[in-house]
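Visitor: Could you have a look at this structure, given as structure tokens, before my questions?
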Amino acid sequence: MGEGAGRVTAHLPILQVVVPLLAAPICAVLRHGRAAAWLAVLASWSVLGIALALLGQVMAGGVISYHIGDWVPPIGIEYRVDIVNAWVLVIVASIGAVVAPYAIASVEHEIAARRIPLFYAAYLLSLSGLLGIAITGDVFNVFVFLEISSLSAYALISLGRPRRALTAAYRYLIMGSVGATFIVIGIGLLYVMTGSLNMADLAELLPGVWDSRTVKVAYGFLGVGICLKLALFPLHLWLPNAYAFAPSPVTAFMASTATKVAVYMLLRFFLSIFGAAFSFEVMALDRILLPLALVAVFSMSLVAIFQVDVKRLLAYSSVAQIGYMILGLSFASVTGLTATLLHLFNHALMKGALFMALGCVVYRIGSVHIDAMAGLGKRMPWTMAAFVVGGLSLVGVPLTVGFISKWYLILGALEKGGLWIAVAVLVLVTSVMALVYVWRVVESAYLREFSGDEGTREAPLSLLAPTWVLVAANVYFGIDAVRTAGVARQAAEVLMAGIGS
Amino acid sequence: MSLDFFVSHYNYWVVIFLMMVGFYILISRGNLIKKIIGLNVFQTSVFMLYISMGKITGGTPPILIGDAHGGEAAGHVVYSNPLPHVLILTAIVVGIATTSVGLALAVRIKEAYGTLEEDEINRIEAQVEASE
């Protein structure tokens, strides 16, 4: 028994990806929606268990290197788990595990019955793709998993009820494929220069060819491709419609995971593979990202203020929040990166909670127009309370996770001193802008009269419970941030030091 | 830039030309099917980039010649690199999957809007928004 358990433990890295990957086709052939749903819940919970076990192993014993099929890297494909991707795996897996049970009721309401098993199949495929990107130590493998997660994401978005979901999915497909192809070009050029696809191997070989123009071009292609995927301003055009018209659980899942994994890809490629020295000293990555991040945060917060569709409002706010993550990276310091990595987790918690609260609203009144939500505070008190706590977290009020992210971000800016103080001020100003757009929804829900159907009741417990799990996490990790901040700082130090150490 | 440089790198010129053509179709055409064709041309250029980089001058196909255990012929043979070819096999599969998802979406869009022209779809949406 003990030996058997040891054998399973040794194979956790591959099980992380294989479990949802195998559950997906089973879901697709199951004719019964509920059966597929429970299989998806089971798979996503075991995925979370594996991710937590991996994080525990990494924190106790350092880097895990898993050789697929026992082929020794760099010839074979390596799954390499260090503190950075163990952290990202936990983020993706926990959101996946919370959204899956939430989806059961929500999907029955929003998607035609015959498509429900296919929904879960696509959901699990998307989950395994995202986990695969995070866990693999092979750059071409990254591309394959990226396409698995993206293709299933296009399908998931197109399941949205409004017909504009179709055009949103189409636009995402075109822009996403261009981004992915750019990434393949970058990987190809790296292979030409080094003859390797293994991340650790590449990190060792690349310093020898830093001067080559091919490597710099590869850097450019990878940068643009990944930034398209993570929706960095001005490459974010696919995001607002995709989030606004997708089914509610899909929006909650994608907003909390897809862009986060893309940010992880950016960190992995630019800091671990190319190295912090090459990125910041030769390519001046910080000076390119800083203005883009600032414009993203400021302009997208401004656009969000004027939205009337609350889902779209939060989508624009997501682009702004991605700006904060990139801002942390552009500080080129451990504190800045800590803020980035913390915000990966914290933003997943807050946007997950907010979009799930909106899913409850859609379930009852069928719309998330700001006027349709008037007076909902009395009708759906638990749902709107969840929205308020999530909103406060988005603004960055103390005792919520949003505060922790902004605290480290401002700390990073103050650490650098000089003109960077202005950046810290801008973070505060944009937090006030977040307060404005959150307040517009709160004002509508609490201070206006309800004008909808008299029979409107609170959302069912099966929707509220997962929502409140995330809301509680927002508060818990906002009060007790020692553990999360500790892991994030450790991960930031690993990233800045490079993959070898 | 000498003629020699131009000729010796001809595979890269083909790749760049195809890439730009595909990208231009993708950006300039309003028809959703034509956009997907542009995307295909764009992706194909990357396939060619990979395939041509695996070719080594004077290299044979990567099939062991002579004694598999390192007989006398084996030492002198130059093999082409099979790895980029294998990678691109995967990328081709991904490309087909992308195309089919894109075409499936185009079919659904045609059913929902009755057109495949981007500007007409935008006009329909603008009308719907104005009437709300």
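So the sequence lines, in the order shown, correspond to chains A and B.
The first sequence lines up with residues 9 to 509 when you count with the numbering used here.
The second sequence lines up with residues 355 to 486 when you count with the numbering used here.
Yeah, the Cβ is synthetic: ideal placement off N, Cα and C, and Gly gets one too.
1. Just the chain A side, please: which residues come within less than 7 Å of B:R477 by C-beta, in chain order?
2. Listed in chain order, which residues of the segment 442-458 of chain B have Cβ atoms closer than 7 Å to some Cβ of chain A?
3. Should A:M9 be flagged as near chain B, meaning a C-beta pair shorter than 9 Å?
4. So, at 6 Å on beta carbons, what are the nonlocal neighbours of A:R172 in its own chain, with the 5 sequence-adjacent residues on each side left out?
5. So, under 8 Å CB-CB, A:V115 and A:I124 are touching, yes? Tell me the CB distance rounded to an integer number of Å.
6. Is the segment 380-388 of chain A touching the segment 338-353 of chain A, taking contact as three or more C-beta pairs under 8 Å?
7. Taking 9 Å as the CB-CB limit, is A:G196 close to chain B?
8. Does the distance from the C-beta atom of A:A421 to that of A:V479 stay below 9 Å?
9. Whose C-beta lies closer than 8 Å to the C-beta of A:G508 among residues of the same chain, with five residues either side of it excluded?
10. Among the residues of its own chain, which have a CB less than 7 Å from the CB of B:T453, if the five just before and after it don't count?
11. Mind checking who A:R88 pairs with in its DSSP beta bridge?
12. Can you have a look at A:K386 and say buried or exposed, based on whether 16 or more other CB atoms are within 10 angstroms of its CB?
13. Chain B partners of A:A163, CB-CB under 8 Å?
14. Mind checking which residues open and close the alpha helix (DSSP H) that includes A:L455?
15. Can you have a look at A:R465 and say buried or exposed, based on whether 16 or more other CB atoms are within 10 angstroms of its CB?
16. Since A:G196 and A:G233 are thought to touch, with beta carbons under 8 Å apart, how far apart are those beta carbons, to the nearest angstrom?
17. Pick from A:V435, A:K359, A:V450 and A:N354: whose alpha carbon is nearest that of A:R491?
18. Whose C-beta lies closer than 6 Å to the C-beta of A:V223 among residues of the same chain, with five residues either side of it excluded?
19. With A:H351 as the anchor, note down where its alpha helix (DSSP H) starts and where it stops.
20. Return helix, strand or coil for A:D317, following the three-state DSSP convention.
21. Could you please give the first and the last residue of the uninterrupted alpha helix (DSSP H) stretch that includes A:A292?
22. Can you tell me which of A:S341, A:W447, A:V16 and A:L469 puts its alpha carbon nearest to the alpha carbon of A:Y371?
23. By how many angstroms is the C-alpha of B:L418 removed from the C-alpha of B:V440?
24. Mapping the DSSP letters down to three states, classify B:H439 as helix, strand or coil.
25. Should the segment 130-146 of chain A be regarded as contacting the segment 266-282 of chain A, the criterion being three or more beta carbon pairs within less than 8 Å?
Guide: Reading it off the structure:
1. Within chain A, no residue comes near B:R477; the closest Cβ sits about 13 Å away, beyond 7 Å.
2. Correct list: T444, A445, V448, A451, T452, V455 and G456.
3. Reliability fails at A:M9, whose pLDDT of 44 lies under 50, so the model's placement of it is uncertain and the value that follows must be treated cautiously. No, because no Cβ of chain B sits closer than 9 Å to the Cβ of A:M9.
4. So the list reads F253, once near-sequence residues are dropped.
5. In this structure A:V115 is in contact with A:I124, their Cβ atoms being roughly 6 Å apart against a cut-off of 8 Å.
6. no
7. yes
8. no
9. In this predicted model, A:G508 has a pLDDT of only 47, less than 50, meaning its place in the structure is not dependable; the value taken from the coordinates is given anyway. Answer for A:G508: A208, A211 and E212, listed in chain order.
10. I390 and N394
11. Partner(s): A:S73.
12. Counting the other CB atoms within 10 Å of its CB gives A:K386 a total below 16, which places it among the exposed residues.
13. V455
14. Counted as a single uninterrupted DSSP element, the alpha helix (DSSP H) harbouring A:L455 occupies residues W428 to L455.
15. Result: exposed.
16. The C-beta separation of A:G196 from A:G233 comes to about 12 Å, leaving the pair out of contact by the 8 Å criterion.
17. A:N354
18. M201 and V217
19. V342 to I373
20. strand
21. Element bounds for A:A292: n/a, residue is neither H nor E.
22. A:L469
23. 17 Å
24. helix
25. yes
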